[in-house]
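All residue numbers for the sequence shown refer to numbering that gives the first Met the number 0, where the first residue is 0 and numbers rise by one. All residues carry an ideal CB built from backbone N, CA and C; glycine is no exception. Below: the structure, in structure tokens.
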Amino acid sequence: MTKYGKKSESVLSIQNLTIPLPISGDRKYAVENLSLEVGRNEILCIVGESGSGKSITSFSTMGLLPKILTPSNGKILFEGEDLLSMTETKRNGLLGDKMSMIFQEPMTALNPCYTVGNQLNEVFKAHRNMSAKERKKRSLDLLREVKLPNPEILYTSYPHQLSGGQRQRIIIAIAIALNPSLLIADEPTTALDVTTQAQILRLFKELKDTHNAGIIFITHDFDVVAEIADRIIVMQHGQIVEQGSADEILCRPQHPYTRLLIDAVPRKTKVKCKIDVDKPVAISVENLSKTFITKGGLFKPSRIVEAVKSANFSVKEGEILGIVGESGSGKTTLVRCLIRLLKPNDNSKINIGDLDFSNLSGSALRAERKNIQIVFQDPYGSLNPRRTIRELLIEGPVNFGVSKKEALRRAKKLLKIVRLDGDILNRYPAQFSGGQRQRICIARALAVEPKILIADEAVSALDVSVQKEVLNLLNEIKIKFGLTIIFITHDLRVAAQLCDNILVMKDGQIVERGSVEDVFEAPKNEYTQKLLAALPGQNWEAPSFV
């Protein structure tokens, strides 16, 4: 293969790989006639939506496919040897040594019962003859290499004691421990804050050079691709539809599907409709605080955490307010207090219109809950898998005194609004994609006719094209129903596209507020400036194909 006009030694060569699907559906193959190459000191980004075959390709390379998915044709050549015809013992000897993989969710990739040191040591025990002292020294060196602070403390820590970014760096440290020739990263930054993401992306670029590895980076985020890719492969329905250099794919894409993906990249709207200053306030918050107190044990003192500190803001009817900040900044705690899933501190005040919502309790609180509804981040965990869509959509209105007949009429109307067929009412959540489930969650929230809708990271888990559809849907719903929306996100690009005004939170406090234009074009707070500077792909402007 060639790279920038020079010969580049191939680490991995996949040739005509075909993997049949066991159940006939909309397509016969998970991957069909797929061919690609990865060279040393190269980052190959594979992009595409869920179901495009990205992860299947990586799992087949690592030998992690379930037995029901068996390649029917093709070769996977690693340093010239076919992994598919290799004995299981020989192949297992390569995993973790010459080939490593970094998974999307670091919490499930790490064993919660073992310390960081134990899990780093395990790699050396399996593949190297080293003393305990040598293993510990090398482990501490790796923690420093991935830019983790206080390696000695982290070495004795358990995964649950660390942040998401720290856990992901430990997964990377384990993956590079034996200096592999091939490193596969499957959506490693999807769930990370923008600043943590920026640090991880810098780390990947450094690893490419310091370890001379070939890196396959799987993602659906084109801004991330623009930041780190040398070459790009675009996949759809198990096939490669386009490939080329980063510059060719990002700036001059040829295939309609690539153009569709790039066109769905969130971009800040240049002109927004101004909110009518004379409109009444839908929700106002005064001195909202939430303190968590954990009881101490025999050897541990009690701990006080001020998750939200004296938040003050108001949102007018028909406004979309974005609340942005890193994980742990207090965003989710704030909205859980707003909806009274958490009880705020005694001096806090939440008014919905003229009603003091913060002091309601019992039947009065239950009666007013219909005015403020929430759509959660995870569309898979938000719906009861044992209930039909009909039952899920009519439950809320019926609980608030609406007849089943009227609730069903609303449900059918709402399904049309969220662009789903009415004949899905007798189906179950498991029969829908993530984007469809999130639409159902939005319809369920709207079924009780709320005044305020809270979306807590409601699009962060979705593909870029589905994300665009849901964002457009939220904007249409705001106009159609006159809704007030509070939109929680760590993705500043999404906030810029959808929201009218922005609150920036750090360590439980609101550190900046203003219109999208003010916050993004002239941020005053140093923390806001840091968040904006960490956005990936700033040297790339997505071309428009509309």
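Sheet register partners of residue i (DSSP bridge)
i, result
"SER99", "LEU182"
"VAL304", "PHE291"
"THR483", "ILE451"
"MET504", "ILE509"
"ILE282", "VAL314, ILE351"
"PRO19", "TYR28"
"CYS44", "PHE216, ILE231"
"GLN14", "LYS74"
"ILE169", "Its beta-bridge partners do not exist; DSSP assigns none."
"ILE416", "Answer is none; ILE416 lacks a bridge partner."
"SER9", "GLY38"
"SER357", "According to DSSP, SER357 bridges with nothing at all."
"THR114", "Answer by DSSP bridge pairing: none, since THR114 is not bridged."
"THR488", "VAL323"
Close-in-space but distant-in-sequence residues of the same chain around residue i (CB under 7 Å, 5 per side omitted)
i, result
"LEU83", "PRO70, LYS74, ILE75"
"LEU354", "GLU367"
"ARG166", "PRO105, MET106, LEU109, PRO158"
"ASN91", "none"
"LYS294", "SER301"
"VAL145", "ARG168, ILE171, ALA172, LEU202"
"ASN344", "SER288, LYS289, THR290"
Residue i vs residue j beta-carbon contact at 7 Å
i, j, result
"ILE261", "ALA533", "no"
"PHE216", "ILE42", "yes"
"ALA174", "LEU142", "no"
"GLY213", "VAL10", "yes"
"ARG335", "PRO378", "no"
"LEU461", "LEU413", "no"
"HIS126", "LEU202", "no"
"VAL447", "PHE399", "yes"
"ASN40", "LYS308", "no"
"PRO522", "ASP222", "no"
"ALA245", "ILE232", "no"
"SER360", "ILE349", "no"
"ALA310", "ILE451", "no"
"ALA184", "GLY507", "no"
Three-state class that DSSP yields for residue i in the structure shown
i, result
"SER244", "strand"
"ARG339", "coil"
"MET234", "strand"
"VAL264", "coil"
"PHE375", "coil"
"LEU464", "A small fix is needed here, since residue 464 is Ser in this sequence, not Leu. Correct three-state label for SER464: helix."
"LYS523", "coil"
"THR332", "helix"
"GLY321", "strand"
"LEU473", "helix"
"SER34", "strand"
"LYS269", "With a pLDDT of 49 at LYS269, under the threshold of 50, the modelled position of that residue is not reliable, and the figure given next carries that caveat. In this structure, LYS269 counts as coil in the three-state DSSP scheme."
"LEU94", "strand"
"LEU534", "coil"
"THR189", "coil"
"ILE239", "strand"
"THR56", "helix"
"GLU80", "strand"
"LYS529", "helix"
"THR547", "Because the chain spans 0 through 545 in this model, residue 547 falls outside it and cannot be assessed."
"SER309", "strand"
"SER138", "helix"
"SER514", "strand"
"THR155", "coil"
"THR195", "helix"
Sequence-distant residues of its chain with Cβ nearer than 8 Å to residue i (five each side left out)
i, result
"TYR28", "THR17, ILE18, PRO19, LEU20, GLY237"
"ARG389", "LEU407, ALA410, LEU424, ASN425"
"ASN538", "ALA225"
"ARG26", "LEU20, HIS236, GLY237"
"GLY164", "LEU191, ASP192, THR195, GLN198, ILE199"
"GLU48", "HIS219, GLN235, LEU260, ASP462, VAL463, SER464, VAL465"
"ASP81", "LYS74, ILE75"
"VAL397", "LYS403, ALA406"
Cutoff 7 Å: residue i Cβ touching any chain D Cβ
i, result
"SER326", "Included in the structure is just one protein chain, with no chain D present."
6 Å CB neighbourhood of residue i in its chain, flanking five on each side removed
i, result
"THR60", "ILE75"
"ASN346", "ASN286"
"GLY421", "LYS411, LEU414"
"TYR256", "GLN235, VAL240"
- [ ] Tell me, please, whether the segment 480 to 491 touches the segment 318 to 330 by the rule of three or more beta-carbon pairs shorter than 8 Å.
- [x] yes
Open item on the list: For the pair the segment 504 to 521 and the segment 470 to 479, tell me if three or more CB-CB distances fall below 8 Å.
Closed with: no
Open item on the list: Contact between the segment 282 to 289 and the segment 457 to 468 is defined here as three or more beta-carbon pairs at a separation below 8 Å; is this criterion met?
Closed with: no
Task: Contact the segment 520 to 532 vs the segment 502 to 509: 3+ CB pairs below 8 Å - done: yes
Task: Any 3 or more C-beta pairs closer than 8 Å across the segment 111 to 125 and the segment 187 to 205 - done: no
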